[in-house]
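First residue of the sequence shown? That's 1 in the UniProt record's numbering, and the numbers climb one at a time after it.
We put the CB at the ideal spot given by N, CA and C, even for glycine.
Everything numeric in this text was worked out from a predicted model, so none of it was measured.
As structure tokens, the structure follows; a few thoughts come after it.
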Amino acid sequence: MTTTPRPAGAPMRLGLALPQYGALADPAAVPRFATAAEDLGFTSLWVGDRILAPRAPSDLYPGGGTPEHPYPKEFETFADPFTTLAAAAAVTRTARLGTSALTGPVYSPVLLARALASLDLACSGRLDVGFGLGWLREEYFATGVPWADRGLRLEELLDALEALWTGDPAEHEGPQWRIAPSTVGLRPAQQPRPPVLLGGFSPPALARVGRRADGWLAGWMPEQYLTGLWSVALDAAEQAGRDPGALRRVLRINPRPGTAVETAADVRPCLDVARELGISEVLVDLHYVAKNVDHALDLAGELVAS
């Protein structure tokens, strides 16, 4: 299992979402933003994944969608995650680069393994690979992937990626994909592979984190749920013969008007709670409160200065 050491009492590692969607969707601004964020002291930079914004979606956004507003308007403009990370990789030196999170089951493992290995090489081994199942079935339909059994598809995706990144020859045989024994010369910079983090907010999802992943992509929620779900992952890791203490938690905080965390200023108390819970990695996403890229950098500067 690939892990990043997390010594007791380690300082908070603060990450920032790269400008990728809504008013901040400006691919040309990514290099400037990434350089400035790293200079401010942010230790990780992240992208998300949104494929489609249907006019009449079958599912409401779980972060507070309503029939009148099924998902945030910002989702209507969304830049490609791989291009965004590549732009950041070219100009940063020390910040880790992560996906929070790719909708794993909609991707082909052979194409995904190639893209992610290339990114890890481009940033000299600073990539964290985060996957989730997503919540919008139209994204599955539009990419030709069945909505049913998406959890099993994610499990197989992890198996196939492991084979493609470490196998010699690389091969995989499963219900969804057959990869013939092949020579794959392109290997990630991190050996045996980049850290894999998984999202999710249900007991089965957290059990998968404990069994399969290097950590959990958590979201801001009441303290009792954060601790309760985390205990599911720790128990699952122990039952699988893995070291629960090696698992990471990356807590995502999205300040957004009308929620419990409305402004960037409201993030600071959340960081204090995270520390009390032993969480040492936090990702702040300013897309819902920043007017443009420059405003996002101003808010980011205020966040690290407070």
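Query raised in the report: In whole angstroms, what is the alpha-carbon distance linking residue 4 and residue 248?
Result: Here residue 4 corresponds to residue number 4 of the sequence shown, with the count starting at 1. Here residue 248 corresponds to residue number 248 of the sequence shown, with the count starting at 1. Residue confidence is low: residue 4 scores 38 on pLDDT, short of 50, so the model does not pin down where it sits. No coordinate-derived value is stated.
**Report entry** Test item: CB-CB of residue 105 and residue 137 under 8 Å
**Finding:** Taking the sequence shown and counting its residues from 1, one reaches residue 105 at position 105. Taking the sequence shown and counting its residues from 1, one reaches residue 137 at position 137. Their beta carbons are not under 8 Å apart, which means residue 105 does not touch residue 137 by this criterion.
Requested in this report: Let me know if residue 273 comes out buried or exposed under the rule of 16 or more other beta-carbons within 10 Å of its beta-carbon.
Outcome: As a working note, residue 273 is residue 273 in the sequence shown. Burial call: exposed.
Query raised in the report: Name the DSSP beta bridge partners of residue 145, please?
Result: Within the sequence shown, residue 145 is the residue found at index 145, counting from 1. The partner list for residue 145 (beta bridge, DSSP) is empty, contrary to what the question assumes.
Query - Cβ-based neighbour list, residue 322, same chain, cut-off 7 Å, excluding 5 preceding and 5 following - result: Within the shown structure, residues of the chain are numbered from 1 to 306, placing residue 322 beyond reach of any answer.
Query raised in the report: Is there contact here, the segment 91 to 103 with the segment 42 to 51, by at least three beta-carbon pairs under 8 Å?
Result: yes
Query raised in the report: Closer than 7 Å: is that where the CB of residue 112 sits relative to any heavy atom of the ligand PLP?
Result: Judged by which ligands are present, the structure shown has none, so any question about the ligand PLP falls away.
Requested in this report: Inspect the beta-carbon positions of residue 197 and residue 129 and report whether they are closer than 8 Å.
Outcome: Here residue 197 refers to the residue found at position 197 of the sequence shown. Here residue 129 refers to the residue found at position 129 of the sequence shown. The answer is yes: Cβ separation under 8 Å.
Query raised in the report: Taking one C-beta from the segment 67 to 83 and one from the segment 158 to 167 each time, how about it: are there three or more such pairs within less than 8 Å?
Result: no
Query raised in the report: Can you list, in chain order, the residues of its chain whose CB lies under 8 Å from that of residue 54, leaving out five sequence neighbours each side?
Result: Locating residue 54 in the sequence shown gives position 54, where the first residue counts as 1. So the qualifying residues of the chain are 136, 138.
Query raised in the report: Taking just the CA atoms, how far does residue 298 sit from residue 263?
Result: Counting from one through the sequence shown, the residue named residue 263 turns up at place 263. Counting from one through the sequence shown, the residue named residue 298 turns up at place 298. Those two C-alpha atoms are separated by around 13 Å.
Query - Continuous alpha helix (DSSP H) stretch holding residue 72: start and end - result: For this step, residue 72 is matched to residue 72 along the sequence shown. Looking at the DSSP string, residue 72 is not in any alpha helix (DSSP H), and its letter there is neither H nor E.
**Report entry** Residues that residue 78 bridges to, as DSSP identifies them
**Finding:** As a working mapping, residue 78 is identified with position 78 in the sequence shown. Beta-bridge pairing links residue 78 to 21.
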